[in-house]
Structure formats: structure tokens, C-alpha cells
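One gets full-length UniProt numbering by counting positions in the sequence shown from 1 and adding 18 to each.
To keep things clear, I will list the structure first and then write my remarks on it.
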Amino acid sequence: TEPDAVPAGSVREEYENLTDLVRKYRFAYYQEDEPLVSDAEFDELFRRLEEIEALHPELVANDSPTQEVGGEVSAAFAAVEHLQRMYSLEDVFSLEELEAWITKAEAGVSKLGDTAQLAWLTELKIDGLAVNLLYRDGKLVRAATRGDGTTGEDITHNVLTIKEIPTELTGTGFPPEVEIRGEVFIPSKAFAEFNEALIEAGKAPLANPRNAAAGSIRQKDPAETAKRPLRMFVHGIGAREGLETLSQSQTYAVLEQWGLPVSPYFEVLRGLPEILAFIQRYGEQRHNLMHEIDGIVVKVDDLATQRALGYTSRVPRWAVAYKYPPEEVHTRLLDIRVQV
Ligand code: NAD
19 TEPDAVPAGS
29 VREEYENLTD
39 LVRKYRFAYY
49 QEDEPLVSDA
59 EFDELFRRLE
69 EIEALHPELV
79 ANDSPTQEVG
89 GEVSAAFAAV
99 EHLQRMYSLE
109 DVFSLEELEA
119 WITKAEAGVS
129 KLGDTAQLAW
139 LTELKIDGLA
149 VNLLYRDGKL
159 VRAATRGDGT
169 TGEDITHNVL
179 TIKEIPTELT
189 GTGFPPEVEI
199 RGEVFIPSKA
209 FAEFNEALIE
219 AGKAPLANPR
229 NAAAGSIRQK
239 DPAETAKRPL
249 RMFVHGIGAR
259 EGLETLSQSQ
269 TYAVLEQWGL
279 PVSPYFEVLR
289 GLPEILAFIQ
299 RYGEQRHNLM
309 HEIDGIVVKV
319 DDLATQRALG
329 YTSRVPRWAV
339 AYKYPPEEVH
349 TRLLDIRVQV
């Protein structure tokens, strides 16, 4: 036998199988915009991978999916380098895990010498597709998908069809070069109407708003993209030389002043009880919002503290995504049948 052969039934074998599966599912999700499994199933596999790596650090490969931002660059698009890297988000799947995460972050920050109670910018996790907009001298010159975080796909022509994304920034104070990050999505109502029209025309409906948004923005023909009801909310900045904002929330105010679409659904909160109340409130309204959400994002509001906490190779250490428990799809399908 070969020295490196994988012993059957070993942890290494499970680890390698999981790695392969995660890669395969990521490819289908990011490259083909056609997921093979539900997000909940994918999250469970990913979590198991992280668990094995925590228990067996010797197995962790540099190119493990846990060390990378998922998403490659398809040959169908020109590859573009982001000026500043784009990241994913660390997920937590229960309120207990969220509490542990917040407590640890607050303790870490007070060790850095900041003893004031942290302000947390809390907002909806939009179930769409991450896009980076590059403005030079206030003019939109390029738009790209996140890709692997370093290199994305050039989708400028398609993004230009989204009316609410300004081709020129308004107001003052924008740096000569600034990267704006956000989420492109299809609002729930527009998605339902779009699908109805497809069905009426005898065509197959789109599976869900997230993949529809990703598929729409990654069309070869911008005229096709223009037919899709795409929207965007911005939620961050990449390269920003010369822009001196102090907090995430202040940055949002600046983005709004520049004419960029900022989500109305964010609040600056202090302490866990306020965050939990936000999560509960939006959990109840989840299906009555203008867009689909797959969770809540909690970010340290102060930018100096964000810089002090920094990043891992995959995620910022100053933000976390709480994912709502997956819903019983079967029950919902049955409900629909009953209504019919
Ligand atoms: P993610 O979607 O969990 O989180 C990171 C992304 O959230 C960011 O890139 C950003 O674009 C987005 N985001 C939305 N609202 C935001 C806000 N308000 N502030 C900041 N960012 C916000 O991470 P990911 O790495 O893109 O993907 C992982 C997730 O994608 C998984 O948890 C899974 O649910 C799904 N996925 C599913 C499959 C599948 O086969 N079903 C495969 C791969 C990934």
C-alpha cells in the first residue's frame, strides 16, 4: 500500500470526502448558480469540516475550503482584481453561539484597552450576491462579483442596467478611488411576479430569489440582465484612501449622501438583549420584508476597533452572521397545496 493511502473509515477519509463535497457544492452554487443541496445542508457539512479541523489541526490544508472565500472566476467573464480583498462572514447557528461570540469579542476589545460598551451595527443579511463597485473620481468604472475574494468576475455592463446604482456619485468628499461593497438581490414581490410571467409564458420558473439574482447578474447579454428586477443595497467599503469616517454607521450616512442605496433596515445597538430583540423582531417579520434574508449581521460599529480586530483568511473578526434556523420546506409546500 502507498504510505499516504487513506485508511478506510478514518477521520482523514471523512475529512477528504467532506472537502470534495464542499468544493463540488460551492462550484454548483457560485459558478452555475444552481445549488445541488439546500443552504442548511451545505452549512451543516461546512460546520462538520470546521469541527474536524478544530479537533485535528494537522489535517488542515492551506487550500481547505475553510481557509478560502468560496467562489471562483468563470472563464465566461474577464477576471478583475479587487483593490482590497473581499471576505465572507463567520456564521453562528444558535442564539447561544451568538452570545458566546459577542461575549468573547467584547472581552477581546476590552483587553485592547477599550472599556466602553461596544456599539454593534446590526442589520439584515440580504440573501443575494456580493458585488464590488469601483468608483474613480466619482464615476462608476467597474463592477465585479466577489469571486475568491481577491479576484472577481467583471460584470460592469450588467450592473449598469440596475437603475438605482449611480453611474456618478453625488455630493462631495469621495476619494479619487473608492470600492463600495454590497448585495445585489431580487425583491420578493418582484420575484413572485417575474416567476408568474415566466409560467404564463410556458417557461420554467426560477428556483429562488438568491440564485435568480446571481444568475441574472452573471448573464452574458446585459439586455437579458436588464429584464430582471434587480436591486442593490450597499453595506461596506473596500479601498477608500483619504476617506476618514469613524464608524460603520457614519460610513452608511456618507454612502447615502453619495447617492448609493443603503438599506433602511439597520440599527446601532448596545449589549446582547438589544441584539436578541432585533433578531426576534426580524425573525417574526422575515417573510414580510422587501427581500429574502438568511440571517442577521452584527458588526462592530467603530472602525478603529474593526481595524484592531482584523481578519482571518476568510472572515472579519469584527462581524458575525446569525443564521435563522432552516424552515420546514415540506410544511410550506403542503400549506400551499392545501390553499390551492
Ligand atoms: P455568507 O453568504 O454566509 O456570508 C458572507 C456574505 O454575506 C458576504 O459576502 C456578503 O455579500 C453577504 N451579506 C449579506 N448581507 C450582508 C450585510 N448586511 N453585511 C455584510 N455582508 C452581507 O457567505 P458565503 O461565503 O458567500 O457563502 C456561504 C453561504 O452560502 C453558506 O452559508 C450557504 O448558506 C450558502 N452556500 C450554499 C451552497 C449550496 O449548495 N446550497 C453552496 C455554497 C454556499
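Built from N, CA and C at the ideal position, the CB exists for glycine as well.
Looking at the DSSP output, N150 bridges to A162, R199. When distances are taken from the beta-carbon of H253 to the heavy atoms of ligand 1, the shortest one is below 6 Å. Between L178 and T188 a beta carbon distance of about 17 Å is seen, past the 8 Å cut, so the two are scored as non-contacting. For E310, same chain residues with a beta-carbon under 7 Å away, outside a window of 5 residues either side, are D145, S206, P227, R228 in chain order.
Residue state for L273 is assigned as helix, using DSSP reduced to three classes. DSSP places L264 in the coil class of the three-state scheme, outside both helix and strand.
Judged by their CB atoms, V202 and L158 are not nearer to each other than the 7 Å cut-off.
Residue burial annotation: I180 is buried, with at least 16 other C-beta atoms found within 10 angstroms of its C-beta. In the three-state DSSP reduction, Y329 falls in the strand class (E or B). The continuous beta strand (DSSP E) containing T169 extends over residues 169-171. DSSP, read as helix, strand or coil, puts E310 in coil. According to the DSSP assignment, K245 belongs to no beta strand (DSSP E), since it is labelled neither H nor E. The residues R160, A161, in chain order, have a CB closer than 6 Å to that of T174 in the same chain once the five nearest residues on each side in sequence are set aside.
In this structure E99 does not touch T163 by the C-beta definition: roughly 13 Å separates them, more than the 8 Å allowed. Judged by DSSP secondary structure, F212 falls outside any beta strand (DSSP E) and instead within the alpha helix (DSSP H) spanning 206-218.
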